[in-house]
Amino acid sequence: MTTMPGLPSLVLRGSSATARFGDGFDYVQWEQGGRVIRIPLEAIEAVRSLDRSFEVMLTTTESDRPADVYGVHHASAAAVDTFSAAVRARLPERAAEGPRVDGRDLIAEVSEEHSRKPSRRLLVVALIAVFAAVDATVGALRGPGWVVVLPFFQLFACTGAFMALTLGRGLYDGLRLSRHGITVMAELDHYTDSTKVYRYADHEGGLHFFRESAGGQQLELSYDPRDPSRASARQPLYGQVMMALISVVGLGMACGGLGFTGYQLFLALRG
């Protein structure tokens, strides 16, 4: 009987799920919402890494039934690359023809020993707690009406921050990677419910995927040679200008909402 180590050596944490894998393991451990599932390597048909997402697709014996997929999303791009490469290297070889197993029958659900919560969720909870404390303080010192008013400004600020961070990062990647990245033509791989998924190979032969709603059978994109899973599609000047404007608007919304909240707290504490 093979003795497994106590803890996996690789941990991939996403926004709502965590995956674990190690040299001594013959399975990928997937955790989400208190569930822990062990997915044997022989139950894995393929491993997909897309931007900051990692997915394992289970084998299936029925051609008309979609394969089960377990994923970890919004993880570190570098961690996704490392984790995906480690799992792919350990996948067993399968004959082109022959009996197949159903991966759904091989996975096992186990009890989670420790409660683990993603750091992003903790950050959101902490932010809500801070806003609630500020609102309660201002409401107690300046009147209960502020408990209703201030959350609107805080939601306004959070919306602006999301706009600025999302579009600002996209604009930064587009400008930087077009000059310092490696440009390739990605091929359309498949469709999802809301977007197209393109595939491209990096300079070392690694396969990566990129989501983009607009595009044809091919898409020109540039990727970071130090982190090939981080890529950006070619952006026209009009798109760059609009992204910059919306980022500035979002930054203004964030500063305005937070500034108003801070000023009201200052007035309340000053009395």
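For the sequence shown, my numbering assigns the number 11 to the initial residue and increments by one for each residue that follows. The beta carbon of each residue, even a glycine, is placed where N, CA and C say it ideally should be.
In its chain, beyond the 5 residues on either side, L60, V207, R209 have a beta carbon closer than 6 Å to the beta carbon of F219. Boundaries of the alpha helix (DSSP H) around V251: 247-280. One thing to note: R48 has its Cβ within 8 Å of the Cβ of Q39. Using a Cβ distance threshold of 8 Å, G180 and G260 do not count as a contacting pair. In this structure, the beta-carbon distance from D78 to G113 falls below 8 Å.
Counting other Cβ atoms within 10 Å of its Cβ, D36 stays below 16 and is therefore classed as exposed. Two segments are said to touch when three or more pairs of C-beta atoms, one from each, lie closer than 8 Å; by this definition the stretch 160-168 does not touch the stretch 186-201.
Here the alpha carbon of V194 sits roughly 56 Å from the alpha carbon of G149. For H218, the secondary structure class from DSSP, reduced to helix, strand or coil, is strand. Around the CB of G267, 16 or more other CB atoms lie within 10 Å, so the residue is classed as buried. Inter-residue distance for E230 and E222 is about 11 Å (C-alpha atoms, whole angstroms).
According to the DSSP assignment, S232 belongs to the beta strand (DSSP E) that extends over 228-234.
The alpha carbon of S63 has as its nearest neighbour, out of F93, R45, P76, E72, the alpha carbon of F93.
In this structure, Q228 places its C-beta atom within 8 Å of the C-beta atom of A196.
Counting along the chain, F163 sits inside the alpha helix (DSSP H) bounded by residues 155-190. For S94, the enclosing alpha helix (DSSP H) stretches over residues 87-100. Beta-bridge pairing by DSSP links V21 to R30. For R114, no beta strand (DSSP E) encloses it; the enclosing alpha helix (DSSP H) starts and ends at 113-116.
By the beta-carbon neighbour count (other beta carbons within 10 angstroms, threshold 16), I54 is buried.
Taking a C-beta distance under 8 Å as the contact criterion, L22 and G32 do not qualify as a contact pair.
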